[in-house]
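Here is the structure we will look at, set down as structure tokens.
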Amino acid sequence: MNSTKTCIINCKYKLTYENPRGFLFGFYLLNWAIKPRNKPYTRWQQAEKIEMQLQKAIIKDITELRKICIDAYSKNFYDHWNEGGLEWYLEKEFSAERLKFDLLDKDTEYYFIKRGLKNVGFIKIKNNTNKDLNIENAVELEKIYVLPECKGMGIGKSALTEIIKKTKEHGYKNLILCVIDTNVNAIAFYEKLGFIFHSKTILDIPYFKEELKGMNRMIIQLDEKSQLPTMYNR
Ligand SMILES: CC(C)(COP(=O)(O)OP(=O)(O)OC[C@H]1O[C@@H](n2cnc3c(N)ncnc32)[C@H](O)[C@@H]1OP(=O)(O)O)[C@@H](O)C(=O)NCCC(=O)NCCS
Numbered sequence: 531m532n533s534t535k536t537c538i539i540n541c542k543y544k545l546t547y548e549n550p551r552g553f554l555f556g557f558y559l560l561n562w563a564i565k566p567r568n569k570p571y572t573r574w575q576q577a578e579k580i581e582m583q584l585q586k587a588i589i590k591d592i593t594e595l596r597k598i599c600i601d602a603y604s605k606n607f608y609d610h611w612n613e614g615g616l617e618w619y620l621e622k623e624f625s626a627e628r629l630k631f632d633l634l635d636k637d638t639e640y641y642f643i644k645r646g647l648k649n650v651g652f653i654k655i656k657n658n659t660n661k662d663l664n665i666e667n668a669v670e671l672e673k674i675y676v677l678p679e680c681k682g683m684g685i686g687k688s689a690l691t692e693i694i695k696k697t698k699e700h701g702y703k704n705l706i707l708c709v710i711d712t713n714v715n716a717i718a719f720y721e722k723l724g725f726i727f728h729s730k731t732i733l734d735i736p737y738f739k740e741e742l743k744g745m746n747r748m749i750i751q752l753d754e755k756s757q758l759p760t761m762y763n764r
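The sequence shown runs contiguously to residue 764 in the working numbering.
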């Protein structure tokens with residue numbers, strides 16, 4: 531045995547540089563050993579953190595936008611639909627016609643979440659919404675999706691922090707959203723950013739799995755002076 535080339539011995543896979551299977555196993559072990567506790571990502575992923583940019587989508591971006599929307603949505607939520615539902619939803623929300631309609635709407639905005647030149651997710655917001663809930667001056671975060679391979683690297687947090695900042699700068703007082711009440715990961719993510727529970731609602735959409743239709747509305751106040759109706763305070 532050449533001791534200088536042996537990392538660990540007496541284990542199922544002999545961990546030498548000359549043994550690729552053993553070397554990979556060693557890498558996995560090391561990565562697991564130094565994974566931060568209670569964090570959904572490893573230090574390797576953390577070390578990879580690079581600048582995230584938000585880029586507002588415009589009409590000429592429709593093809594590119596359609597691609598990342600379909601990719602990021604389907605990879606995250608494909609299992610939330612009954613048969614045929616995902617295809618129906620993708621066409622309804624992300625067809626070229628629908629995206630064009632949304633981009634021409636003065637209150638709807640789409641953003642690419644970019645890492646370098648690569649699109650790794652997207653955000654959709656709607657300004658001046660939820661007048662029916664008696665929430666004044668509100669923007670709704672309609673969609674935020676990051677590609678699964680890029681989750682847990684701080685990208686969603688940077689992107690949403692920037693949206694919160696922009697929304698505040700535009701003088702809005704509240705940012706609200708709806709999240710499936712069993713989506714504990716997203717709820718934890720929103721809470722980290724300061725959103726609180728607002729109220730319950732139901733997703734009224736065909737083909738969606740019945741047991742996933744319960745939704746929480748969450749809200750963040752952007753202006754300390756603005757008051758939420760007291761019935762919603764917790
Ligand atoms: C929810 C989502 C946008 C978050 O983006 P992300 O890039 O994965 O999250 P980040 O890495 O920026 O995490 C930000 C914070 O949230 C926390 N967080 C993220 N995912 C978490 C999880 N699964 N469990 C607990 N906390 C989590 C992180 O710990 C981090 O906190 P920290 O800054 O103290 O470390 C992304 O995971 C996603 O696209 N999920 C699938 C689609 C979805 O559910 N969208 C929301 C629909 S309403």
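Using N, Cα and C, we set each Cβ at its ideal position, and we do this for glycine too.
Note that the coordinates shown come from a computational prediction; the quantities given were computed from them, not determined experimentally.
Practice task
Please name the residue, chosen from 587, 679, 674, that lies closest to residue 689 on a Cα-to-Cα basis.
Solution key: The residue you call residue 689 lines up with position 159 of the sequence shown. Looking at the Cα atoms, 674 is the closest of the given residues.
Handout entry: Simplified DSSP state of residue 679, which is helix, strand or coil
Key = Counting from 1 along the sequence shown, the entry for residue 679 is found at position 149. Of the three classes helix, strand and coil, the one that applies to residue 679 here is helix, per DSSP.
Problem - Exposure of residue 714, with buried meaning 16 or more beta-carbon neighbours within 10 Å - result: Position 184 of the sequence shown, counting from 1, holds the residue named residue 714. Sixteen is the threshold: since fewer than 16 other Cβ atoms of the shown chains lie within 10 Å of the Cβ of residue 714, the residue is exposed.
Exercise for the section: Starting from residue 647, trace the alpha helix (DSSP H) both ways and give me its first and last residue. Expected result: The count along the sequence shown starts at 1 and reaches residue 647 at position 117. That residue, residue 647, is in no alpha helix (DSSP H); it is neither H nor E in DSSP.
Practice task
Could you pull the start and end residues of the beta strand (DSSP E) that residue 746 belongs to?
Solution key: One-based indexing of the sequence shown puts residue 746 at position 216. Following the DSSP letters along the chain, one finds residue 746 inside the beta strand (DSSP E) bounded by residues 744-751.
Handout entry: Contact under 9 Å by Cβ, residue 641 with residue 694
Key = Here residue 641 corresponds to residue number 111 of the sequence shown, with the count starting at 1. Here residue 694 corresponds to residue number 164 of the sequence shown, with the count starting at 1. Their beta carbons are not under 9 Å apart, which means residue 641 does not touch residue 694 by this criterion.
Practice task
Give a single yes or no on whether residue 669 has its beta carbon closer than 8 Å to a heavy atom of ligand 1.
Solution key: The residue labelled residue 669 in the question sits at position 139 within the sequence shown. For residue 669, the shortest C-beta to heavy atom distance toward ligand 1 is 8 Å or greater.
Exercise for the section: Identify the continuous alpha helix (DSSP H) that holds residue 604 and give its terminal residues. Expected result: Working through the sequence shown from its first residue, we reach residue 604 at position 74. Membership of residue 604 in the alpha helix (DSSP H) is indicated by the continuous run 592-607.
Practice task
Run the proximity test for residue 727: is its beta-carbon closer than 8 Å to any non-hydrogen atom belonging to ligand 1?
Solution key: Position 197 of the sequence shown, counting from 1, holds the residue named residue 727. No, the Cβ of residue 727 stays beyond 8 Å of every heavy atom of ligand 1.
Exercise for the section: Just tell me which of 637, 719, 729 has its CA closest to the CA of residue 746. Expected result: Within the sequence shown, residue 746 is the residue found at index 216, counting from 1. Its Cα nearest to that of residue 746, the residue 729 stands out among 637, 719, 729.
Practice task
Kindly identify the DSSP beta-bridge partner or partners of residue 719.
Solution key: Here residue 719 is taken as the residue at index 189 of the sequence shown, counted from 1. The bridge partners DSSP lists for residue 719 come to none.
Problem - Nearest to residue 639 (by Cα), restricted to the options 660, 614, 589 - result: As a working mapping, residue 639 is identified with position 109 in the sequence shown. The residue with the shortest Cα to Cα distance from residue 639 is 589.
Problem - Buried versus exposed call for residue 752 [16 or more other C-beta atoms within 10 Å across all chains shown] - result: Working through the sequence shown from its first residue, we reach residue 752 at position 222. Flag for residue 752 reads buried.
Problem - Meets three-Cβ-pair contact criterion under 8 Å: the region 603-616 and the region 737-745 - result: Counting Cβ pairs under 8 Å, three or more are found: they touch.
Handout entry: Stretch pair the region 698-717 + the region 659-670: three plus CB contacts closer than 8 Å
Key = Cβ pair count under 8 Å is three or more, so yes.
Problem - Heavy atom of ligand 1 within 8 Å of residue 607 beta-carbon - result: Taking the sequence shown and counting its residues from 1, one reaches residue 607 at position 77. Answer for residue 607: yes, Cβ within range of ligand 1.
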